[in-house]
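Read left to right, the sequence shown gives residues 1 to 166 (our numbering). Everything below concerns the one structure shown next.
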Amino acid sequence: NTTTNEFDFKTGWSAGIWVNFPLANTFSLEPQVMYSSYAYENKLSTPLLLNDGTIDYISVPLLFKFHLGRKVALTVGPQVDFLSSLDDDRNNSSKDDFKKTSFSGFAGFELFPHDRVTIFGRYIHGFTDMNDAGSATTAGKYYNQVIQAGLKLKIFGKRVLADSDG
């Protein structure tokens with residue numbers, strides 16, 4: 001950030017669906033659709049564009065998944081985020097102060113990617129400045145930067161090799 005904005009580490013949650021397309025025994029594509037809700041808290045007393053509250057997104061990441069055996073996969077890819085809602089507890093900003101669409105990239109890992117329960121982690125780095133307020137009092141750049149960790153639960157499907165017919 002170009003200003004002295006400081007935010008406390010806060011938690012949030014995400015939920016979504018995905019489909020995995022194996023293209024080779026060691027590579028697959030996995031489009032996802034996720035709904036995410038993140039909390040934020042301004043550590044400074046100075047009012048900012050984001051102060052205290054929650055911001056919600058609908059995200060569409062595309063995972064390029066590299067399988068390093070049955071137990072580990074590395075993921076990388078682009079992500080598009082669509083702003084869904086914003087709740088600022090100090091009422092200094094609204095949803096209109098932010099761009100409705102932003103672009104990010106991510107990198108991460110998955111443990112047990114072929115099992116019913118997969119452990120994952122990823123870092124999302126935003127490329128789009130989400131500040132759309134256009135006011136000197138809300139100066140600063142705001143990027144979607146998130147660390148996600150969680151579980152993926154496979155409800156449907158089974159493991160299919162890329163060359164299943166031999």
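From the three backbone atoms N, C-alpha and C, an ideal C-beta is built for every residue, glycine too. Keep in mind it's a predicted model, so treat the numbers as computed, not measured.
Using CA coordinates, which residue listed in the options is at the minimum distance from residue i?
{"i": "Val-76", "options": "Ser-85, His-114, Gly-108", "result": "Gly-108"}
{"i": "Phe-21", "options": "Leu-29, Asp-89, Asp-81", "result": "Leu-29"}
{"i": "Phe-82", "options": "Ala-73, Phe-120, Leu-23, Gly-126", "result": "Gly-126"}
{"i": "Val-60", "options": "Ala-133, Gly-157, Ile-124, Asp-132", "result": "Ile-124"}
{"i": "Gly-157", "options": "Trp-13, Val-19, Ala-15", "result": "Val-19"}
{"i": "Ala-73", "options": "Phe-27, Gln-148, Thr-128, Ser-14", "result": "Phe-27"}
{"i": "Gln-79", "options": "Leu-23, Ser-36, Asp-132, Ala-133", "result": "Ser-36"}
{"i": "Ile-58", "options": "Asp-52, Ser-104, Asn-51", "result": "Ser-104"}
Where residue i and residue j are concerned, what is the direct C-alpha to C-alpha distance, given to the nearest angstrom?
{"i": "Tyr-143", "j": "Glu-41", "result": "15 Å"}
{"i": "Ser-102", "j": "His-67", "result": "29 Å"}
{"i": "Asn-91", "j": "Phe-98", "result": "14 Å"}
{"i": "Lys-100", "j": "Met-130", "result": "8 Å"}
{"i": "Lys-65", "j": "Met-34", "result": "17 Å"}
{"i": "Arg-116", "j": "Leu-62", "result": "20 Å"}
{"i": "Gly-150", "j": "Gly-140", "result": "31 Å"}
{"i": "Ala-39", "j": "Ser-85", "result": "12 Å"}
{"i": "Asn-25", "j": "Ser-93", "result": "48 Å"}
{"i": "Thr-11", "j": "Ile-119", "result": "18 Å"}
{"i": "Lys-95", "j": "Gly-69", "result": "44 Å"}
{"i": "Gly-16", "j": "Gln-32", "result": "7 Å"}
{"i": "Ser-14", "j": "Lys-152", "result": "11 Å"}
{"i": "Leu-23", "j": "Asp-132", "result": "40 Å"}
{"i": "Asn-1", "j": "His-114", "result": "For Asn-1, the predicted structure reports a pLDDT of 46, less than 50, and the residue's modelled location is therefore unreliable. A value from the coordinates is still provided. Going from the Cα of Asn-1 to the Cα of His-114 covers about 39 Å."}
{"i": "Ala-136", "j": "Gln-148", "result": "For Ala-136, the pLDDT reaches just 48, beneath the cut-off of 50, and the residue's location in the model is therefore unreliable, although a value from the coordinates is still provided. Distance between the alpha carbons of Ala-136 and Gln-148: 32 Å."}
{"i": "Gly-53", "j": "Thr-128", "result": "21 Å"}
With a 10 Å radius around its C-beta and 16 neighbouring C-beta atoms as the bar for buried, classify residue i as buried or exposed.
{"i": "Arg-122", "result": "buried"}
{"i": "Thr-88", "result": "Checking the sequence shown, residue 88 turns out to be Asp, not Thr. So Asp-88 counts as buried."}
{"i": "Phe-106", "result": "buried"}
{"i": "Val-146", "result": "buried"}
{"i": "Ile-55", "result": "buried"}
Measure how close the beta-carbons of residue i and residue j come, nearest whole angstrom, since I'm counting them as under 8 Å.
{"i": "Lys-71", "j": "Leu-111", "result": "7 Å"}
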